[in-house]
Amino acid sequence: MTISTTVNGKAVTLNAEPDSPLLWAIREELGLTGTKFGCGIAACGACTVHVNGEPARSCSLPVSEVAGKSITTIEGIKGSDGTLHAVQKAWIAAQVPQCGYCQSGQIMAAVALIEKTGKPSDDQIDEAMTNICRCGTYPRIRKAIHAATGQAATAVEGAA
Amino acid sequence: MADNPTLEMEQPAATKRKGVKRRAFLIGGVAIVGAGLFGISIMDSNAVKTAAKLTAGKGEHSFATWLKISEDNVVTIYSPHTDIGQGSNTGLAQMLAEELDANWDLVKLVSAPAESAFANVGLGRGFLGEMTGQPGIINGVPQSFLSFLARQMNLQITGGSTALRFTGQVTFQKVGAATRLALIETAAKRLGVPASELTTQDSHVIHAKSSRSLPYGKLAAEAATLSLNNEPTLKDPKNYRLMRQSVPRLDIPAKVDGTAQYGMDFSVPDMRVATIMAAPVRGGKLTSVDEAPVLAVKGVEKVIKLDDAVAVVGKGYWAAISGLRAMTPQFTDGGNGAISTASIFKAYDDLIAKGEPAGEAGEGDVKAAMGPKPIEAKYQVPFLHHAMMEPFALTAHYKDGKLDIWGGMQDPLASKMMAVDVSGLDGDKVTFHPMLIGGSFGRRLPMYMEIVSQVTKLAMQLPYPVKLIWSREEEIAQGAYRPQSAAILKANVTANKRIAAFSNDYAQTESAEAETTFIYNLPAVARRNYEHKSNQITGAWRSVNSTQQGFYNESFMDELAHAAGVDPVEFRRNHLKADSRHLRVLDECARLANWKAPLPEGVGRGVAIVESFKTIVAHVIEASVKEDGMPKVHKITTVVDAGSIVNPDAAKAQIEGGTLMGLSSAIGEAVTLEKGAVQQSNFSDYPLLKLADAPLVHDIHFINSGAYMGGIGEPGVPPAAPALANALFAATGKRVRNLPILKQAKA
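These protein sequence lines are chains A and B, in that order. Residue numbering for the first sequence follows full-length UniProt numbering, starting at 1 and increasing by one per position. Residue numbering for the second sequence follows full-length UniProt numbering, starting at 1 and increasing by one per position.
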């Protein structure tokens with residue numbers, strides 16, 4: 001079937017089986033490979049995108065459910081002039097990524113959290129940031145979220 | 001070489017050894033051959049010419065294979081390592097650029113394997129002796145042995161925490177320094193001044209007396225014709241400007257905007273996607289497949305039967321995985337149907353009870369010193385999965401007699417060689433194109449790359465390119481796991497609160513001795529290993545056997561301290577050599593952690609110190625038990641002595657990540673077997689640590705002892721589990737001897 005939707009501000013028509021996950025339409029049909037496949041069961045969050053501004057794990061979201069909705073991927077959060085999103089800048093400043101594979105999803109989850117809360121507290125970060133990172137970049141993710149929202153880093157820097 | 005790193009793996013205390021010291025030999029191989037090869041290649045004009053042909057375009061000049069300088073003054077460095085996210089390529093560039101006195105803003109790092117010609121010829125063939133301008137040392141080595149050695153070397157190329165300490169120290173610093181000397185020599189001639197009057201800075205040779213300077217780019221053409229000094233003097237560290245600085249990692253920008261391309265992301269026109277299911281019981285064979293329901297799935301094009309697996313090829317991943325799920329293939333169990341986690345532990349118990357170790361090391365008369373009533377404890381740890389975030393994905397295309405493979409592996413050369421073996425093609429008909437790796441931790445090493453074999457077999461019978469993706473379920477079920485292992489530890493602590501005898505009898509699939517440095521200075525020690533093969537593959541899991549050995553020894557030391565009624569830090573101090581690096585690391589960690597400061601009710605403090613890959617790491621962990629019974633880590637204080645650090649922030653990131661990986665596995669990870677098959681299937685039943693469970697405070701401190709550089713990617717892992725278990729004991733009085741901890745410390 002064909003599904004009309006908007007991806008990163010552009011109207012697109014996807015040709016996909018209705019039960020096939022959004023992830024594969026994004027990656028294989030649109031060629032937007034920044035959104036990653038990690039587990040296929042919405043457990044790791046590597047595939048996180050925004051659907052109408054809300055974070056969604058696209059590996060388990062049937063493409064039929066996004067008809068008429070607005071989807072944003074990691075490729076779509078830069079400014080129109082190509083400048084990085086404040087969260088992306090904070091990610092570089094804090095040198096967050098290691099292998100980097102989960103980071104598109106982490107950044108999309110963080111952007112959604114910040115859009116919702118403004119200046120998230122540590123508890124809000126704990127609750128919202130459930131994406132898995134095997135490299136263990138969590139302390140820097142927390143630090144980058146605080147930095148992106150103009151907050152001093154919490155204790156992760158530590159006081160010796 | 002005076003500081004030959006082979007020495008570090010020696011076990012001088014060994015009294016009896018059976019079997020091969022696997023890792024010691026491999027690392028030795030890298031060190032000896034690596035040093036010789038690289039050393040000579042600096043001098044070898046044929047090698048340089050070949051590299052120059054492959055890398056240097058118009059207006060570019062190649063030096064010593066590993067770098068080129070362009071006339072507009074850009075220095076391009078070719079790294080032979082695959083940066084898996086540990087920042088080693090940035091570190092290597094820092095090391096070379098430091099000695100070259102290059103302008104960092106004009107330094108470009110190119111991963112050598114990404115340039116296929118350079119990777120396969122300059123690196124691959126260079127190691128294999130196929131290169132036309134091969135260093136003399138390689139000519140004298142039989143091809144078969146060379147091939148074997150090259151495989152082993154490549155195992156270490158990105159692994160064993162070797163990038164900076166071997167490639168960096170042995171090669172890249174010297175290449176940078178030697179190139180700098182050639183540039184100075186050229187400038188001296190051109191300016192008509194003695195070389196001794198010249199200095200270098202920011203990619204310029206400077207003559208201060210006459211206020212003249214020449215950019216490297218204007219000297220490179222002539223300098224590239226000179227013979228390079230094979231043993232240049234390296235900089236005094238006090239003059240470093242790039243090394244020991246937290247230079248931002250070069251790979252990070254592409255990892256925050258989705259442009260970084262991993263093996264999973266590769267595509268070519270007409271490509272199909274396949275997924276696969278191997279025999280659930282490792283060792284089993286495929287017997288039958290019901291193809292009809294699979295082929296009825298829209299988008300499925302083909303079912304391909306392999307000896308021990310079945311693959312479904314479709315238009316995309318969803319078609320392929322839907323097809324796979326529609327089938328119920330039948331496999332034999334290969335005679336392994338009775339193997340379980342319990343049966344393996346039973347076999348370990350029986351082996352240790354029988355008392356015929358496969359290998360033994362130690363010193364002193366343990367039997368005599370053990371006394372009649374030793375303290376004894378049994379520990380057990382499970383198989384662990386690497387669980388890297390990018391599942392295996394390789395693309396292969398067989399066309400016009402040539403096979404191309406794209407994807408991320410820790411050893412591109414060995415991957416190519418496996419594809420050569422499986423396809424039956426000549427080596428020059430097979431090209432492996434390495435791509436970015438989405439995590440590995442030892443999973444993508446050569447011994448267990450069945451996906452290379454699988455994708456080769458698929459591609460050889462398909463008329464179009466095919467990308468083979470392992471589902472997460474396949475990934476979890478078909479791992480190359482950290483061995484399941486058990487140990488019985490015994491010690492005699494005498495009335496003076498000192499250990500008179502200490503023994504560690506451990507059983508697993510093979511010896512863990514070579515990787516394990518026993519740091520305590522005791523009168524009598526015995527470490528005996530018992531080997532039992534299951535149907536599972538023994539994998540190298542970040543820090544390899546140091547994880548379980550660190551857990552055994554450091555947990556038991558804690559038990560002994562409490563049995564002796566001595567503070568655990570004090571007890572360890574009493575058994576470390578005075579003035580040793582270990583003692584300094586322990587003391588610093590205890591001091592920085594305020595070891596004796598009071599803690600809130602229910603919170604305990606635990607310490608552990610482990611040396612692995614020549615780096616000493618101590619953690620002090622503060623932890624409690626949550627309401628649900630699971631452990632909660634509040635604070636970690638870490639002290640690291642890796643000799644010296646090239647990039648402090650990148651090193652800190654490795655210690656952070658390694659510590660969290662150690663905690664994740666200690667708290668909740670286990671691969672278990674029943675009827676020969678892995679019971680876990682995804683992150684739902686193989687839970688990894690999440691952000692909320694990472695401690696808010698992790699203080700990390702480095703001691704620059706100046707000792708020979710140790711590894712940094714792995715050594716943060718081993719002390720994490722015992723430090724947490726010891727903290728939970730301090731908090732609850734419950735001793736955790738089996739991992740994962742889960743709810744064992746619950747009140």
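Note that beta-carbon positions come from the ideal geometry of N, C-alpha and C, so glycine has one too. The structure displayed is predicted, hence computed values, not measured ones.
Q: Decide yes or no for the touch test of the region 281–296 of chain B against the region 524–544 of chain B: beta carbon pairs closer than 8 Å, at least 3 of them.
A: yes
Q. How many angstroms separate the CA atom of Val141/B from the CA atom of Ile655/B?
A. Unreliable positioning characterises Val141/B in this predicted model, as indicated by a pLDDT of 31, which lies under 50. The coordinate reading is nonetheless provided below. Going by the C-alpha atoms only, they are around 39 Å apart.
**Q.** For Thr15/B, the three-state DSSP class (helix, strand or coil)
**A.** Confidence in Thr15/B is poor, its pLDDT being 30 and thus under 50, which makes the residue's placement unreliable; the coordinate value appears in the next sentence. Coil, per DSSP.
Q | Residue nearest to Glu696/B in terms of C-alpha spacing, selected from Asp122/A, Thr130/A, Met129/A and Gly136/A | A | The identity of residue 696/B in the sequence shown is Leu, whereas the question assumes Glu. Minimum Cα distance to Leu696/B is reached at Asp122/A.
Q. Would you report the Cα separation of Ala487/B and Asn738/B, rounded to the nearest angstrom?
A. 10 Å
Q | Coil, strand or helix - Tyr223/B by DSSP | A | First, the residue type needs correcting, since residue 223/B is Ala and not Tyr in the sequence shown. Correct three-state label for Ala223/B: helix.
Q. Chain A partners of Ser684/B, CB-CB under 7 Å?
A. Ile41 and Ala43
Q: Using a cut-off of 7 Å between C-beta atoms, extract the partners of Gly439/B located in chain A.
A: Cys99, Tyr101, Arg134 and Cys135
(Q) Are the CB atoms of Glu627/B and Gly604/B within a distance shorter than 9 Å? (A) no
Q. Among the residues of its own chain, which have a CB less than 7 Å from the CB of Tyr448/B, if the five just before and after it don't count?
A. Ala480, Ile537 and Gly539
Q.
Any beta carbon of chain A sitting closer than 9 Å to that of Ala182/B?
A. no
Q: Give every residue of the same chain whose Cβ lies closer than 6 Å to the Cβ of Thr2/A, excluding the five residues on either side of it in the sequence, and list them in chain order.
A: Thr13 and Asn15
Q: Provide the residue span of the beta strand (DSSP E) that contains Ser104/A, from first to last.
A: Run containing Ser104/A: none in the beta strand (DSSP E); it sits in the alpha helix (DSSP H), Gln103 to Thr117.
Q. Any idea what DSSP makes of Leu67/B, helix, strand or coil?
A. strand
Q) In terms of residues, what are the limits of the beta strand (DSSP E) holding Phe432/B? A) Val430 to Pro434
Q. Where does Ala727/B land, buried or exposed, given buried means 16+ other C-beta within 10 angstroms?
A. buried
Q | Pick from Pro382/B, Ala720/B, Lys367/B and Ala377/B that is closest to Ala500/B, judged by C-alpha positions | A | Lys367/B
Q) Under 9 Å between C-beta atoms, does Ile3/A make it to chain B? A) no
Q. Which two residues bound the contiguous alpha helix (DSSP H) that contains Glu554/B?
A. Ser546 to Ala564
Q: Note down the Cα distance separating Leu663/B from Ile145/A, rounded to an integer number of angstroms.
A: 23 Å
Q: Tell me whether Leu425/B sits in a helix, a strand or coil according to DSSP, three-state version.
A: coil
Q: Using a Cβ-Cβ cut-off of less than 9 Å, give me the residues of the region 108–120 of chain A that come near chain B, in sequence order.
A: none
Q: Can you say whether Ser288/B is buried or exposed, counting buried as having 16 or more other CB atoms within 10 angstroms of its CB?
A: exposed
**Q.** Every unbroken alpha helix (DSSP H) inside the region 363–409 of chain B [4 residues or more]
**A.** 366–369
Q) If you measure from the beta carbon of Ile712/B to each beta carbon in chain A, is any gap under 9 Å? A) no
Q) If Ile609/B and Val633/B are in contact, beta carbons under 8 Å, what's the gap, nearest whole angstrom? A) 18 Å between Cβ atoms; not a contact.
Q. From the beta carbon of Ile667/B, is the nearest beta carbon of chain A less than 9 Å away?
A. no
Q.
Buried or exposed for Asp333/B, going by 16 or more other Cβ atoms inside 10 Å?
A. buried
(Q) Can you confirm whether Gln151/A, when its beta carbon is compared against all beta carbons of chain B, has any partner nearer than 9 Å? (A) no
Q: Measure the CB-CB distance between Ile375/B and Glu231/B and report whether it falls below 9 Å.
A: no
Q: Could you spell out the range, first to last residue, of the alpha helix (DSSP H) harbouring residue 757/B?
A: No answer is possible for residue 757/B: it lies beyond the span of chain B, which begins at 1 and ends at 747.
Q | Backbone secondary structure at Arg142/A - three-state DSSP | A | helix
**Q.** Inter-residue spacing [alpha-carbon to alpha-carbon] between Lys108/B and Pro293/B
**A.** 52 Å
**Q.** Option nearest Gly733/B by Cα separation, candidates Pro718/B, Ile741/B and Ala745/B
**A.** Ala745/B
Q. Hey, how far is the Cα of Glu75/A from the Cα of Ile321/B?
A. 26 Å
Q) For Tyr262/B and chain A, any beta-carbon pair shorter than 9 Å? A) yes
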